[in-house]
Structures are given as C-alpha cells and as structure tokens.
Amino acid sequence: MASTKLKLRPDYKRRKGDIAVYVQVCIDSKTKLYSTGQKINPDNWDHKNQKVKKLNGTKDHVKINLLLEKKHQEIKDIIFSKTVNNETLTFETISAELKPKVTDSRYFKFWYEKFTEFKSAEFKYTTIKGYGVLRNQILEFKKNRDFVLDDIDFSFYESFRAWLILKKGHTNSTVNKRLKILKTFLNYCANYNIYDSRHLVKFKMLEEKPSTKIALNERELKLLWNHDFEDNKRLDRVRDLFVFACVTGLRESDIQNLTKSNIINNEICLNVIKTSSEIRIPLNAYSSAILEKYNFKLPKISQQKLNSYLKEVGMKVGINDPQKLVKFQGGKRFESTVPRYELLKSHVGRRTFITLSIMKGIPIPVIQSMTGHRDLASFQKYIQIGSESKIEAMKNWRI
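If you read the sequence shown in my numbering, its first letter stands for residue 149, the second for the next number, and so on.
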C-alpha cells in the first residue's frame, strides 16, 4: 500500500535560505521524493498540517498551498488509478505518468498552450489575452520557429528584452508586463521539471519611472458634454461612452457589459469584470441622461476603435492644449509635446472621475467604494491633478 505526504527536503536544517518542498511517496517501506517546484522559508512550514503557515500581511501562502496540493493530488490520483486497475505501482510508473506523453514535450509552443489553458481557469479573458500577446511576440522574435525551452537562458532574456524596447518600441512598464508573464510561464514549466528555474535568478526587470498620464479637467469635460455631434452619430456614441466613464469611474469592459438589470434604485450595481468585486455607484444627472438616451442599452464599440475615435472626438471639441509627454525605453528618457487629445484613451475616463471627485471634495473612501479599489497605493495612481487646477488652487492660497 502506498502513502504520500508533503515535506521539506530531509537536510533542510543544515541549509540556508528557502527550501524545496516535495511530495514523499512511500511504497513497501521505501520512499522517493517528487519535486513540487515550490520553495519556502522553513520557518513558515507547518509540518503537522503539511502546508505553508499564514504569512503576515500577504496571501502568498494561499497560492503556494494551492500549487502544492495540486501536485500532491496529481500523484495521489496516479496511485489511485494504478491501484483500482490492479496495475503495477512503482516509483518508475509514477514518474512515467508525471511526464507529458508527447514527442515535442520540451518545446515552447506545446508548453505555452498548456500554460494558457491552465491559467484560463484562474484568470479573466483580459488577462489571458495578454498571455497571447506575449506568445506571439516571442514567436515573432524567434522568426516563427518553435524551439526548446532550454533556449530561454540569460542570453535569450537579454536579447528579447532589448528587442521589445528597440524593435517594438515598448515603454519600460509594458516590457516589464511581458517579462513578468514570461517568468510566470517558466516557473510553471519548472513545476514539471522541464525547465531549470535557476535561470530566473538572473532575469531582472527594467527600472520603471512615472510616464505621462492625463485626466480631463472640468473645462475639458464640459467641452465634451456640450458639443453637438448630431451630424456624426459615430462620434456621438464614442463621446457618450467616454463621458459615461468620466462620470461613473467604470472601466470600458464594465460599461460594455452594463444592462438595465444593473440599475437598481437609481444605482449601478454590478460585479466588476477585472476583480469580481461588487460595487454600487449612484447615478447622477449625466449618467442618467446617457442611459435614458440609449434606453439603458449603451452602444458597443471595440476598445481599439474606441481609443482611435476618442482622439478624433477630442480634436473636434478642442481638447488641444499642449501636453508634455515623457516616456522611458530602457535607460533612455524621451520627451515631446503633443496636443492633449492625442493622449485620450478609454481609461482616461476612470482617471478623470477619480481626479475630479477628489477636486470636488468627495472623501477618498467614498470614491474607493465606487471604483472598487481595495488599497490606497493603486488608487493614488489614478489621481492626475492638472496645471489649471493647481493654478486655481494657488489663487486661494492665503496666510
């Protein structure tokens, strides 16, 4: 009869730093350790309950315990299957079952598809879409040729990072998003023992510095609201969707999925797509007018088209004050001046709502309850106080 348990490597007391966690399998008084791909501080290990203790201030233990239990359960399922089918159970048969039964098991395309499929059960479509972007860029970088995972070493990482900056023109922030997904993918592969996770220690992120983000001021929002687009229904719909974001703080994805059933007692009540949190936003005169205009069924426009058309809308209504644009690519700083309408995107609406709400004196906890932000740090990134607001504030400065 076989038994299993989760445990640290036997010599953990003589070692420093994080220690690997294994699934120990015992068959006929003999034992073998199978890697889980996870390492932890031994002080955080609960030997009795075979799991990571709750860590102060974080939820990292939850994720690690889920990954440990997944590997543990995978091995227990193999043992159960062999037992009920009266098949030979040895350490060799368990190892054979753990290995993917494919001829191209060490190749990028196979494992990235497996990784995406696994993550699809964990994350929303918008997150998985970003995984697809990385896959396509890696294959473009490799000239559409598949390759073995061992090729992703420090040299690959450095070259790919430089390619994202120089060839694709990505900012440091965007490059880091791609690299973060890549490291997540490689850790996933390491859990299956087909990638050496020691490479990851050398994979450093780029330094991120604040780049230019804008929010509309009250004057610009009034220009949008009051402009007559009756001669152009396309731009009229784009303006209405954007203003709706500016006066509710909703993300474009939530606006696109809003229905009449979400309006309860003059409030928008919905489960946010990105975070799955419940929020309630009271309607105001502007959001009510837009909903009634479309009989509570707002127009649907793809985000790509919406962002493109918004620049046209901004130009027509006169959102054309010069805006200094700063971005960072690698270690280089690039600075230019553009009319503000060129920086209009759907997410500017959410920043506008938060910024103007603060300027109007609405308490931050109240705003957070409507935007769904759980922590102040992420909330503060949306605050973009412009020059006009600062000038007006200084006029009232007295001693």
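No residue lacks a Cβ here, since even glycine has one placed at the ideal position from N, Cα and C. Owing to the predicted nature of the structure, the values given are computational and were not obtained by experimental measurement.
Where do the ends of the alpha helix (DSSP H) carrying Ala-244 lie?
Counted from its first residue, the sequence shown places residue 244 at position 96. Start and end: 239-246.
With a threshold of 8 Å on Cβ separation, who are the neighbours of Arg-488 within its own chain once the five nearest residues in sequence on each side are excluded?
Here the question's residue 488 lines up with position 340 in the sequence shown. Cβ within range, chain order: Ile-362, Glu-368, Gly-462, Ile-467, Asn-468, Asp-469, Pro-470 and Gln-471.
Residues bridged to Ala-168 (per DSSP)
Here the question's residue 168 lines up with position 20 in the sequence shown. According to DSSP, Ala-168 bridges with Lys-187.
The alpha helix (DSSP H) spanning Thr-461 covers which residue range?
The sequence position of residue 461 within the sequence shown is 313, counting from 1. The sequence as given places Val at residue 461; Thr does not occur at that position. Unbroken alpha helix (DSSP H) run through Val-461: 451-465.
Based on Cα-Cα distance, which residue from Arg-293, Ile-223, Lys-257 and Lys-153 lies nearest to Tyr-279?
As a working mapping, residue 279 is identified with position 131 in the sequence shown. The candidate whose alpha carbon is nearest that of Tyr-279 is Lys-257.
Distance between Thr-179 and Lys-155 (C-alpha atoms, nearest Å):
Counted from its first residue, the sequence shown places residue 155 at position 7. Counted from its first residue, the sequence shown places residue 179 at position 31. Each residue's Cα considered, the two are about 12 Å apart.
Take Val-173 as the anchor and find which of Ile-167, Asp-166 and Ser-183 has the nearest alpha-carbon.
The sequence position of residue 173 within the sequence shown is 25, counting from 1. The candidate whose alpha carbon is nearest that of Val-173 is Ser-183.
Residue nearest to Thr-322 in terms of C-alpha spacing, selected from Lys-357, Arg-498 and Lys-381:
Mapped onto the sequence shown, residue 322 falls at position 174. Comparing Cα-Cα distances from Thr-322 to each of Lys-357, Arg-498 and Lys-381, the minimum goes to Lys-357.
How long is the line joining the alpha carbons of Leu-371 and Val-465, rounded to whole angstroms?
For this step, residue 371 is matched to residue 223 along the sequence shown. For this step, residue 465 is matched to residue 317 along the sequence shown. Straight-line Cα distance between these residues: approximately 6 Å.
Buried or exposed for Tyr-530, please, with buried defined as at least 16 other CB atoms from any protein chain shown within 10 angstroms of its CB.
Counted from its first residue, the sequence shown places residue 530 at position 382. Burial call: buried.
Provide the residue span of the beta strand (DSSP E) that contains Pro-487, from first to last.
Against the sequence shown, residue 487 aligns to sequence position 339. Counting along the chain, the beta strand (DSSP E) containing Pro-487 begins and ends at 480-487.
Distance, Phe-308 Cα to Asp-252 Cα:
Within the sequence shown, residue 252 is the residue found at index 104, counting from 1. Within the sequence shown, residue 308 is the residue found at index 160, counting from 1. Low confidence applies to Asp-252: its pLDDT is 49, below 50, so where it sits in the model is not reliable enough to give any reading.
What are the partner residues of Phe-476, as DSSP defines its beta bridges?
Along the sequence shown, one-based indexing puts residue 476 at 328. Phe-476 pairs with Arg-481.
Let me know the secondary structure DSSP gives Pro-513 once reduced to three states.
By 1-based counting over the sequence shown, the position of residue 513 is 365. Helix, per DSSP.
Please classify Cys-394: is it buried, with 16 or more other beta-carbons within 10 angstroms of its beta-carbon, or exposed?
In the sequence shown, residue 394 corresponds to position 246, counting from 1. Burial call: buried.
Please classify Met-518: is it buried, with 16 or more other beta-carbons within 10 angstroms of its beta-carbon, or exposed?
If you number the sequence shown from 1, residue 518 lands on position 370. Met-518 should be labelled buried.
Would you identify the three-state DSSP class for Leu-348, choosing helix, strand or coil?
Looking up residue 348 in the sequence shown gives position 200. Reduced to three states, the DSSP call for Leu-348 is helix.
State the beta-bridge partners of Pro-470 as determined by DSSP.
Residue 470 sits at position 322 when you count from the first residue of the sequence shown. According to DSSP, which records beta bridges pairwise, Pro-470 is partnered with Pro-487.
Determine the contact status of Phe-351 and Lys-331, defining contact as a CB-CB distance below 9 Å.
What you label residue 351 is simply residue 203 of the sequence shown in a count that begins at 1. What you label residue 331 is simply residue 183 of the sequence shown in a count that begins at 1. The answer is yes: Cβ separation under 9 Å.
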